[in-house]
Amino acid sequence: MSFTTPTIDWAAFAPIIIVLGAGAAGILVEAFVKTPATRRTVQLALSLAALVASLGVIIAQWAALDGAGTVVMSGMATVDRQALAWMAILLVFGLLSMLLFASRDGGGAFTELGATAPGSVEEKLARRAGLQLTEVYPLALFAVGGMMLFTCVTDLVFLFVALEVFSLPLYLLVALARRRRYLSHEAALKYFILGAFSSAIYLFGVALVYGATTVTDVNMIGTAIVNLADADPLLLAGAVMIIVGFMFKIGAVPFHSWVPDAYQGAPTAVTAFMGAATKAAATAALVRVMFVAFAPLEWELSWLVWAVAIASMVYGTVVALVQTDIKRMLAYSGVAHAGFILVAFAGLEGEALTALPFYLLAYGLATIGAFAVVSQVRERAEDGGVGAEAVRLGQWAGLGKRSPLLAGSMALFLLSFAGIPMTAGFIGKFEAFSAAIAGGAWPLVLIAVLASAVAAFFYVRLIVLMFFTDAPEGAEETIAIEDGALTRVVIYVTAAAVLVLGILPSGVLNLFADASVLLVSVGG
Amino acid sequence: MNPMNYVILAAILFSIGAAAVLLRRNAIVAFMGVELMLNAANLALVAFSRIHGELDGQIMAFFVMVVAAAEVVVGLAIIIAVFRARQTISLDEPAELKG
Chain G
0 MSFTTPTIDW
10 AAFAPIIIVL
20 GAGAAGILVE
30 AFVKTPATRR
40 TVQLALSLAA
50 LVASLGVIIA
60 QWAALDGAGT
70 VVMSGMATVD
80 RQALAWMAIL
90 LVFGLLSMLL
100 FASRDGGGAF
110 TELGATAPGS
120 VEEKLARRAG
130 LQLTEVYPLA
140 LFAVGGMMLF
150 TCVTDLVFLF
160 VALEVFSLPL
170 YLLVALARRR
180 RYLSHEAALK
190 YFILGAFSSA
200 IYLFGVALVY
210 GATTVTDVNM
220 IGTAIVNLAD
230 ADPLLLAGAV
240 MIIVGFMFKI
250 GAVPFHSWVP
260 DAYQGAPTAV
270 TAFMGAATKA
280 AATAALVRVM
290 FVAFAPLEWE
300 LSWLVWAVAI
310 ASMVYGTVVA
320 LVQTDIKRML
330 AYSGVAHAGF
340 ILVAFAGLEG
350 EALTALPFYL
360 LAYGLATIGA
370 FAVVSQVRER
380 AEDGGVGAEA
390 VRLGQWAGLG
400 KRSPLLAGSM
410 ALFLLSFAGI
420 PMTAGFIGKF
430 EAFSAAIAGG
440 AWPLVLIAVL
450 ASAVAAFFYV
460 RLIVLMFFTD
470 APEGAEETIA
480 IEDGALTRVV
490 IYVTAAAVLV
500 LGILPSGVLN
510 LFADASVLLV
520 SVGG
Chain R
0 MNPMNYVILA
10 AILFSIGAAA
20 VLLRRNAIVA
30 FMGVELMLNA
40 ANLALVAFSR
50 IHGELDGQIM
60 AFFVMVVAAA
70 EVVVGLAIII
80 AVFRARQTIS
90 LDEPAELKG
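For the protein sequence lines, the chains are G and R, in the order given. Heads up: the first sequence begins at 0 in numbering that gives the first Met the number 0, then just goes up one per residue. Heads up: the second sequence begins at 0 in numbering that gives the first Met the number 0, then just goes up one per residue.
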């Protein structure tokens, strides 16, 4: 049997290689740089440099790209403008999150030594020795690299590998909170079991689709489905399982049960990264699979998209109304947003290819900003120092008087979630719903608009609490407002971006409109 | 023997694995259920590869095995961390999160 070595266009993969390579280099830094303080500086500089360099390469590739894009490894991956746009979005999220990871508010977001049991002697010794968990930077780089791969891969099995490359570091990051470590462990365990469960469902779906069509390349699956005489039950079952796998990652009802727990238990910096980037990466992959591979099954699969979208919007909104924990409230709002994202998939219209990157960019920036604000409002510890985050809604009363900038930014992010005009969220929702209307799904859009209106209630409730409610007598001393430079930079940058995207969206929208073509390769 | 029987066996193993994840409360057993699901997918890939008379499916099974091994490393690390903290790995017992 003859074996021909495939030719690989390494240049097209350069942005991903830079990020994953820096992750590998970060592991070496762990081994060779001894003092924790130096290690932190080196790791942070390395990570930021890698992400900026990768972003630079993507901009250069975007400028130099003539025609639709590059097919890499005989059709295993496709670097087209759509993929480049998603990668750039993920890198921006990665950069902002990396600053949050490095922030030292309240002693930093991460535990000193992940292997110690909470409250044990070893934990105290690790704290006294001034240890710092700097492995989080390479882990985050691997997650970003895996997500970037996830947006451009066009082979279902390769897609599974990319899915695990970005999921495994995230499971670990969730477990590494500095405070409330029991909660963090429990969140990681639940996230891991459900995440592994969903990827197994996805993989079995891939096996069934491979059985029905003899191929795993998304383009060839699309062609094979058209040529099949009648709908094959094997193919339909496989397609549903693959989409369910993605819906787990997006966090749509009824596959959302990990979302509130993982969001609440994870270190807030990780929650910000996970909430913004995982949703974006999973949406990007779902776009490619739905528009290329399963486009001929649009009619058969539309019931699934409709049912899950409606369930997510209604359930996410209603349950968010009764939350008293701010991180859980934002998590359920994320579930509702997963429904809004799926609305854009109705009818598989070309407009969705412009709307979805914009929607996810707007949602991700507001999410990172909102969780950055959460990491600034803290309880006072018994010894007078700064303690864990104040996540009960009541503890936020009167924040507007104490820190107008912080509360103002939070209000802006919440209004963007709600989709109020002049914010990025409004443009995102408008574009997503327009795509669904073009696909003839007006009942779905009607429900989405109603859900947005109800959702506005709990966003505004928090704004009223911050600005128009006085903190109860003596409660002010129990809350400390942190003023970490890195976190503040992230908050103000995301707030400015949300405003700019809301008032002058045309530049970014035009970029995404250029990106709204999926390169269909004739691989093989 | 009809190779389609192996696909049916794979579906049965997959269902057993899924049932283990959803019904068993011990984290290790739930995790074994996930591994059973992944191996059922492998069996299906190899069986389909035989049915189609080509090698692709068998090569994919290798990729899946490597990924599954990496997943075991991460999963057991998390389970051990939970066990050290609370001396139990029941999925019901740690109930600080509402689920």
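Ideal placement from N, C-alpha and C gives every residue a C-beta, glycine not left out.
task = Could you tell me whether the region 352-365 of chain G touches the region 303-321 of chain G, where touching means 3 or more Cβ pairs closer than 8 Å?
result = no
inquiry  = Strictly below 9 Å CB to CB, what residues from chain R border E29 (chain G)?
reply    = Those do not exist, as E29 (chain G) stays about 16 Å from chain R at its closest Cβ, beyond 9 Å.
query = Just how far apart, CA to CA, sit M11 (chain G) and Q60 (chain G)?
reply = For the record, residue 11 (chain G) in the displayed sequence is Ala; it is not Met. Answer to the nearest angstrom: the Cα atoms are 8 Å apart.
query = What is the DSSP secondary structure of G346 (chain G), reduced to helix, strand or coil?
reply = helix
key: Cut-off 6 Å between Cβ atoms - residues of its own chain near V168 (chain G), not counting five sequence neighbours on either side   = The sequence shown places Pro at residue 168 (chain G), rather than the Val named in the question. So the qualifying residues of the chain are L138, F141 and A142.
task = Can you say whether N27 (chain R) is buried or exposed, counting buried as having 16 or more other CB atoms within 10 angstroms of its CB?
result = Asn is not the amino acid found at residue 27 (chain R); the sequence shown has Ile there. Exposed, by the Cβ-count rule.
ask   = chain G partners of I78 (chain R), CB-CB under 8 Å?
value = L188
query = Counting only beta-carbon atoms, is L44 (chain R) nearer than 7 Å to chain G?
reply = yes
message = Please report the straight-line C-alpha distance between I88 (chain G) and A434 (chain G), rounded to a whole angstrom.
response = 21 Å
inquiry  = My output table needs one value for T77 (chain G): the three-state DSSP class, helix, strand or coil.
reply    = strand
inquiry  = With the cut-off set at 7 Å, would you say H51 (chain R) and T213 (chain G) are in Cβ contact?
reply    = yes
request  = Would you kindly work out how many angstroms separate the C-alpha atoms of N25 (chain R) and G383 (chain G), rounded to a whole number?
outcome  = 40 Å
inquiry  = Tell me the rounded alpha-carbon separation between M97 (chain G) and L42 (chain R).
reply    = 40 Å
ask   = Going along chain G, which residues have a C-beta under 7 Å from M64 (chain R)?
value = The contacting residues do not exist; M64 (chain R) stays about 12 Å from chain G at best.
message = Check for me: the beta strand (DSSP E) holding G68 (chain G) runs from which residue to which?
response = G68 to V71
query = Does A40 (chain R) have its Cβ less than 7 Å from a Cβ in chain G?
reply = yes
inquiry  = Is the beta carbon of A423 (chain G) closer than 7 Å to that of G501 (chain G)?
reply    = yes
task = Can you grab the Cα-Cα spacing for the pair S166 (chain G) / P471 (chain G), in whole Å?
result = 42 Å
ask   = In chain order, which alpha helix (DSSP H) runs of at least 4 residues are fully inside the region 322-394 of chain G?
value = 325-342 and 351-373
key: Contact check, A479 (chain G) vs V342 (chain G), beta carbons under 7 Å   = no
inquiry  = For A62 (chain G), tell me which candidate among G:Q42, G:L517 and G:L83 has the shortest Cα-Cα distance.
reply    = G:L83
ask   = At which residues does the alpha helix (DSSP H) containing A52 (chain G) begin and terminate?
value = P35 to A63
DSSP three-state assignment for D482 (chain G), whether helix, strand or coil = coil
With 16 other Cβ atoms within 10 Å as the buried cut-off, status of M548 (chain G) = Residue 548 (chain G) is absent from the model: chain G starts at 0 and stops at 523.
inquiry  = I'd like to know if A29 (chain R) contacts chain G, where contact means its C-beta is closer than 7 Å to some C-beta of that chain.
reply    = yes
query = In terms of DSSP beta bridges, what is A176 (chain G) paired with?
reply = G:F109
ask   = So does the region 509-519 of chain G actually touch the region 67-75 of chain G, counting three or more Cβ pairs closer than 8 Å?
value = yes
task = Give, in chain order, every residue of the region 248-265 of chain G whose Cβ lies closer than 7 Å to some Cβ of chain R.
result = S256, D260, Q263 and G264
task = With a cut-off of 8 Å on the beta carbons, I'd call A440 (chain G) and A351 (chain G) a contact; round off their distance for me.
result = Not a contact, Cβ separation roughly 11 Å.
key: Distance between A279 (chain G) and T366 (chain G) (C-alpha atoms, nearest Å)   = 12 Å
ask   = How long is the line joining the alpha carbons of V304 (chain G) and M421 (chain G), rounded to whole angstroms?
value = 29 Å
ask   = Beta carbon of F13 (chain R): closer than 6 Å to some heavy atom of the ligand ADP?
value = For the ligand ADP, the structure offers nothing, since it holds no ligand at all.
inquiry  = Alpha carbons only, please: which of G:M273, G:T215, G:T282 and G:P259 is nearest the one belonging to V561 (chain G)?
reply    = No answer is possible for residue 561 (chain G): it lies beyond the span of chain G, which begins at 0 and ends at 523.
ask   = At a cut of 8 Å, does the region 121-138 of chain G reach the region 29-40 of chain R through at least three beta carbon pairs?
value = no
request  = Taking the CB atoms as reference points, tell me whether L188 (chain G) and V72 (chain R) lie closer together than 7 Å.
outcome  = no
ask   = Bridge partners of D91 (chain R), per DSSP?
value = In the DSSP output, where bridge partners are listed per residue, D91 (chain R) has none listed.
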